[in-house]
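Q:
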Ligand SMILES: [Mg+2]
Ligand SMILES: [Zn+2]
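Protein chains in written order, with our numbering: chain A, 28 to 120; chain B, 1209 to 1694; chain C, 12 to 488.
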């Protein structure tokens, strides 16, 4: 756990890496890990994961088309737009 | 007597009797808002014009003889993370300062269709992250009982608005206590429904597998009324259950003789304020006098609920809030050199400190090298916690625990007592981890005159039992009748 | 040192459902930009996905047709990364529990059947489309119509040993998917997209070499060419004693080279975890059985049937059945006809030739297959010779009109009248004394020349059989 690591997770989360603040974040993560460590007490090898407490299955819809949004509504919310599209920084591929 | 001091069902009676119109109610509420909103800061957005238009329509309908439903023409408020068509939905964040959803959240839409009049969007901790509503980009909501105190959070604006008479009820969301804790701080009733009971569609997701939309009301009867509208299957939410719910109002009238109430000892340890303990003790006596059996019990996995909760909540949050990238909507930093810079600047400038810290912790929990010990471990232990609750509910109809270890704390003054902080989380988050319903009911006041709340926790889809017990208690103790002096 | 090529393919297939995978927006190629979008597929806050039933059905169909085990329990996961075409900043996909596993495809290499393993098939959603200006604009544009379109990703085992095998695998896969009618499979439009992992290793070595991932191959031909280029490139690197860099490369069709896009040294951490907004997919064995029973006839089966039923060579049957549309076309022509091989020759010859020449699909042919059959009948009846028939065919292709009508219109009716043929023969014999002499001196080739001359004079309309026999008759006199 070092500053390089903080920089790495910042880059994954697309958040600015702040060198000055990184020690505080390191402390937070360390404390969080201590907390998480508690769970190691419990043997979960035979325990299945539980994501949805209701364990619902097979919720699906029929393949039917419904009206989409008006394009001007989509564009109204977009900070940058052009030619009916949403504009972003040039992407070099 | 002021109209705004009445409950939802009381003003409904008056509308039904044609004593008052929707406009009268709205005027009363807006007068109240004019008087107290500056002190309390419940709202981010007030939709006065829209509300008047809606009230006009309702009054016309009533004049034309349309059947008057329980919500018709009655002003209410909506937490600002619940999407409202054509009305700004900011989530308390700079990131969404100008976001206008082109759709309604299902929960709100059901109320609107029933004639509810929305008067505004309430303040909240940014994106639901916080428990005092101090962490809003816009303002700090104050506790109507004492303006130096917090209103609780993250649905603090909703709780304060209802307690202050600015709305007859309000929608909130509860990921780890965000309805129940502010309801407790503001001396009102707050309900976190069973997971899957109320549609999450249009409620801005923080932790998808933990949260529910719920309601904050002036009393238990009002809560039952709203739940009748909110509950029920929504095909737009895959986690919404397709089952028929009880009529919650009919269930209220039955007595609670023979009701078995468990008191899990883990929730009454060090950190819980003596005044809180005593209030609940008195409440339990009241339950006994009404014919309920009280018994001490235990929830062995409780201490694990906290790491499980935080790992799951923050992991899901790190993914759910990744969409806030300033491209399709929201805040966009305009001085950037390339795509990556645009992402990073927009998110860093648009999101607050607490949110960013939590996103980093969530990211940390999901990366390959931590997945097994963090997220994967947490969702396995989650099963044990849920089973722990299930077992308990084979024996008891309800569990009673404090809504929070203390009454409302001071604005700017974090809780210093670590045990109290720990217990603060413990009181509310296990309920979300297990997905069971829980309601906060006011059960007294501390020496400073601040409300104290207790939680009635029921088994999954056991809301009717919670409501019945809470209603019996409320009629016995009547704390909900008291109003803050503003 | 000699090297063996190791290739594995990852194929993304857009499913041709009516609506998108998790919302009810239209799934349609070529709509006006950003008109098939809603809060769900735009990743608006609070919007939630609901799985399209058809997507599961189509994925299971593909799995069964590709000999996979169908998972009775599978789930969806989130794959997290930021990109402007990915609205939620995560792709709903399937990580550790794909809907289908352990399948295979059979291809024919050097007249031998070879099995290429399929590791898995999983369901996921497509991203939007980035539009880049041609010039020096400092921006890109995003169209979200494609965001949320259902995909299946089909991952092969690294069983493929040459660029040709890779093409054969992809052709067969495409063919099967077309038969299932679950995708348009248009590589040009991107409804079938293929990425290839390719590495070399010394022959007899078990360990895989360092691979590169090749993207942007928009046709069967470019797949094969790109891989051929890679084999050459990597061989040269290895022969120089150097190491292949692990990287993602892009095929440039115009330049016919692959170009490095980015290094692959650090694998990106996608933070896959279960999608809590959706619920697991649990399939009933009965339902899977029902789908299996109702699967259409697949290309291999049809090929064998064609060989048996029509007595055409296996090669013909393979070509005719690779495309579902072509096989249907052939069968409608050949039905109850005495000489299916003649039909096969026509379809594999003229039909494919003109389609290629005009850059058209079999599904767009204007005339019904029965017209081709009528055309062949006309030849049989001696009303058309083969060169005239080709002219009629072209006209039929362009106009969609009946061959009989065209025959009259073009004045191509074959001359089978004995007197007219006799006159023609006389004319040819009189004007080609040298050839006549040559023939009489034993040069049998001279006869062919004379027939050709007669055909030329008749502008191809004369019945060549009659000319031939009449010429022989006169020359032998
Ligand atoms: Mg993929
Ligand atoms: Zn959509």
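Glycine included, C-beta positions come from ideal geometry on N, C-alpha and C.
Does DSSP put residue 123 of chain C in a helix, a strand or coil?
A: The answer is strand: DSSP assigns residue 123 of chain C an E or B state.
Q: Give, in chain order, every residue of the region 53-73 of chain A whose Cβ lies closer than 8 angstroms to some Cβ of chain C.
A: none
Q: Taking C-beta pairs closer than 9 angstroms, name the residues in chain B that residue 113 of chain A reaches, listed in chain order.
A: 1535 and 1536
Q: Got a sec, what are the start and stop residues for the beta strand (DSSP E) residue 1338 of chain B sits in?
A: First-last for residue 1338 of chain B: undefined, no H or E at that position.
Q: Look at the alpha carbon of residue 241 of chain C and the alpha carbon of residue 269 of chain C, and state the distance between them as a whole number of angstroms.
A: 7 angstroms
Q: Do you know offhand how far residue 1647 of chain B's Cα is from residue 1673 of chain B's?
A: Distance from the CA of residue 1647 of chain B to the CA of residue 1673 of chain B, rounded to the nearest whole angstrom, comes to 11 angstroms.
Q: Rounded to whole angstroms, what's the CA-CA distance from residue 495 of chain C to residue 17 of chain C? Just pull it up for me.
A: Residue 495 of chain C falls outside the range modelled here, since chain C spans only 12 to 488, and no answer is possible.
Q: 8 angstroms is my cut-off, CB to CB: does residue 116 of chain A come that close to chain B?
A: yes
Q: Express the C-alpha separation of residue 351 of chain C and residue 456 of chain C in angstroms, rounding to a whole number.
A: 31 angstroms
Q: Does ligand 1 have a heavy atom nearer than 7 angstroms to the CB of residue 85 of chain C?
A: no
Q: Below 8 angstroms on the Cβ atoms is my contact criterion, and I expect residue 153 of chain C with residue 162 of chain C to pass it. Report the Cβ-Cβ distance as a whole number of Å.
A: Contact flag wrong, Cβ pair sits at about 18 angstroms.
Q: Going along the chain, which residues put their C-beta within less than 5 angstroms of some heavy atom in ligand 2?
A: Checking every Cβ against the heavy atoms of ligand 2 under 5 angstroms gives C/34, C/36, C/49, C/51 and C/52.
Q: In chain order, which alpha helix (DSSP H) runs of at least 4 residues are fully inside the region 1219-1250 of chain B?
A: 1230-1248
Q: To the nearest whole angstrom, what separates the beta carbons of residue 1328 of chain B and residue 1254 of chain B, a pair I think is in contact under 8 angstroms?
A: Between residue 1254 of chain B and residue 1328 of chain B the Cβ distance is about 4 angstroms, and since that is below 8 angstroms, they are a contact.
Q: Going along chain C in order, which residues have a C-beta closer than 7 angstroms to the C-beta of residue 1651 of chain B?
A: Under the 7 angstroms cutoff, chain C gives no residues; its nearest Cβ is about 34 angstroms from residue 1651 of chain B.
Q: How would you list, in chain order, the residues of chain C whose beta-carbon sits under 9 angstroms from the beta-carbon of residue 86 of chain A?
A: 61, 62, 289 and 290
Q: If I measure Cβ to Cβ from residue 39 of chain C and keep anything under 8 angstroms in the same chain, skipping five residues before and after, which residues do I get?
A: 47 and 156
Q: Using 8 angstroms as the threshold, is the C-beta distance between residue 1613 of chain B and residue 1662 of chain B below it?
A: no
Q: Beta-carbon separation of residue 1433 of chain B and residue 1675 of chain B under 8 angstroms?
A: no
Q: Express the C-alpha separation of residue 1570 of chain B and residue 48 of chain A in angstroms, rounding to a whole number.
A: If you take the alpha carbons of residue 48 of chain A and residue 1570 of chain B, they lie about 18 angstroms apart.
Q: Do we get a CB-CB distance below 8 angstroms when we pair residue 1581 of chain B with the residues of chain C?
A: No, its Cβ sits nowhere closer than 8 angstroms to a Cβ of chain C.
Q: Beta-carbon of residue 1290 of chain B versus every beta-carbon of chain A: anything under 8 angstroms?
A: Judged by the 8 angstroms Cβ criterion, residue 1290 of chain B is not in contact with chain A.
Q: Classify residue 143 of chain C as buried or exposed, calling it buried when 16 or more other Cβ atoms lie within 10 Å of its own Cβ.
A: Counting every other CB atom within 10 Å of its CB across the protein chains shown gives residue 143 of chain C a total below 16, marking it as exposed.
Q: Which word fits residue 45 of chain C, buried or exposed, when buried means at least 16 other C-beta atoms lie within 10 angstroms of its C-beta?
A: buried
Q: Closer than 8 angstroms, CB to CB, is residue 92 of chain A near chain B or not?
A: no
Q: Quick check: the region 289-307 of chain C against the region 258-266 of chain C, are at least 3 beta-carbon pairs closer than 8 angstroms?
A: In this structure the region 258-266 of chain C does not touch the region 289-307 of chain C; the number of beta carbon pairs closer than 8 angstroms is below three.
Q: Taking Cβ positions only, does residue 1527 of chain B come closer than 8 angstroms to chain C?
A: yes
Q: Can you confirm whether residue 1410 of chain B, when its beta carbon is compared against all beta carbons of chain C, has any partner nearer than 8 angstroms?
A: yes
Q: Taking 8 angstroms as the cut-off, decide whether the C-beta atoms of residue 1593 of chain B and residue 1665 of chain B are in contact.
A: no
Q: Using 7 angstroms as the cut-off, classify the Cβ of residue 25 of chain C as near or not near the heavy atoms of ligand 1, replying yes or no.
A: no
Q: For residue 221 of chain C, which residues from the same chain have a beta carbon less than 8 angstroms from its beta carbon, with the 5 sequence-adjacent residues on both sides left out?
A: 210, 254, 255, 256 and 257
Q: When we look at the beta-carbon of residue 334 of chain C and count the other beta-carbons within 10 Å, is it buried (16 or more) or exposed?
A: buried
Q: Using the three-state DSSP reduction, which class does residue 1631 of chain B fall into: helix, strand or coil?
A: Per DSSP, reduced to three states, the secondary structure at residue 1631 of chain B is helical.
Q: Given the structure, does residue 1406 of chain B come close to ligand 4, in the sense that its CB is under 7 angstroms from one of the ligand's heavy atoms?
A: Absence of ligand 4 from the depicted structure is noted, with ligand 1 and ligand 2 being the only ligands included.
Q: Output the distance between the C-alpha atoms of residue 1505 of chain B and residue 69 of chain C, rounded to the nearest integer angstrom.
A: 51 angstroms
Q: Here's a check: name, in chain order, each residue in its chain whose Cβ is nearer than 8 angstroms to the Cβ of residue 1595 of chain B, leaving out the five neighbours to either side.
A: none
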